[in-house]
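All remarks here apply to the structure that follows.
Residue numbers (our numbering): -18 to 277.
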């Protein structure tokens, strides 16, 4: 994970935690109001369902806060700062909602000449090839030839020819040759594996991006439906219709993950490519923090 990805994850989790906190506060207020109404025998609604919705919302909020802290510490680690340092993100940052990836072959072509690790392995292979050739040459025995001239005290001179050959003549340096060849094969296998993994990662990333585009589009299309549901529930509450009081937490519970998913799911993109900024839940669901009103 690079710093850019960590920033977007922290940004998305910040938005999710804020909305989850609003939902939890609103559901807690609704639970308190429902509990008072049940104690006063003013309603026969199921208090357990409302309390369960409140507890689920609280559990979701705590889980998001834990994940946010984990991502924040990861960002600090990448940036090389102390864990207790609060890195302030720019207020103008927003999560992208669209990304048009290039064609897969455009990213895969000439991949070996763009990845620094692959370039390094290419140079290692060239160096190892030279080492193997040197080991093969070293298996030949050393030979030397020359003329010998000698004389003694009687003025007798002797001349001759000498040839020297190291032994053993055959099967020399075979262990070194085998070791260097194995090293070369290991480097070649690692190089081919990295090329394959890189192309596979490119294909996976493009597929994920396209899938996320479809998820975001589907979430945005569904938002108006849930907004109308929330508006209908709010209107019924204003008319003091107690039958829909139980539906308010459920409606808000459906709307919250949908809105936050639209915001957070695009955080996997690496570069900003859109201007959609999710609105806060309070503006979309103004009655979420209100207490339930029951008929007397």
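Cβ coordinates follow ideal geometry from the N, Cα and C atoms, glycine included.
With 16 other CB atoms within 10 Å as the buried threshold, where does residue i fall?
i, result
"residue 124", "exposed"
"residue 12", "buried"
"residue 52", "buried"
"residue 35", "buried"
"residue 18", "buried"
"residue 101", "exposed"
"residue 206", "exposed"
"residue 41", "buried"
"residue 193", "buried"
"residue 4", "buried"
"residue -4", "buried"
Using a Cβ-Cβ cutoff of less than 8 Å, which residues in the same chain neighbour residue i once the five nearest sequence positions on both sides are dropped?
i, result
"residue -16", "56, 59 and 60"
"residue 142", "126, 127, 128 and 129"
"residue 105", "168"
"residue 110", "165"
Is the CB-CB distance between residue i and residue j below 9 Å?
i, j, result
"residue 45", "residue -2", "yes"
"residue 82", "residue 191", "yes"
"residue 175", "residue 99", "yes"
"residue 95", "residue 120", "no"
"residue 1", "residue 33", "no"
"residue 122", "residue 87", "no"
"residue 183", "residue 43", "no"
"residue 31", "residue 8", "yes"
"residue 116", "residue 157", "yes"
Over the uninterrupted beta strand (DSSP E) stretch that includes residue i, give me the two end residues.
i, result
"residue 7", "No beta strand (DSSP E) contains residue 7, which is instead part of the alpha helix (DSSP H) from -16 to 20."
"residue 139", "138 to 146"
"residue 130", "124 to 132"
Just curious, the alpha helix (DSSP H) that residue i is in, first and last residue?
i, result
"residue 58", "28 to 60"
"residue 119", "From DSSP, residue 119 is part of no alpha helix (DSSP H); its letter is neither H nor E."
"residue 89", "85 to 89"
Taking 6 Å as the limit between beta carbons, can you name the residues of its chain near residue i, skipping five residues before and five after?
i, result
"residue -14", "none"
"residue 248", "Low confidence applies here, because residue 248 scores a pLDDT of 36, under 50, leaving its location unreliable and the question unanswered by this model."
"residue 180", "89"
"residue 140", "130"
"residue 132", "138"
For residue i, which residues from the same chain have a beta carbon less than 7 Å from its beta carbon, with the 5 sequence-adjacent residues on both sides left out?
i, result
"residue 162", "113"
"residue 171", "102"
"residue 16", "28"
"residue 246", "Confidence at residue 246 is low in this model, with a pLDDT of 39, below 50, so the placement of that residue is unreliable and no value is reported for it."
"residue 294", "This structure gives no information on residue 294, because the portion of the chain shown stretches from -18 to 277."
Of all Cβ atoms in chain B, is any one closer than 9 Å to the Cβ of residue i?
i, result
"residue 97", "The chain labelled as chain B is not found in the depicted structure, where only one protein chain is given."
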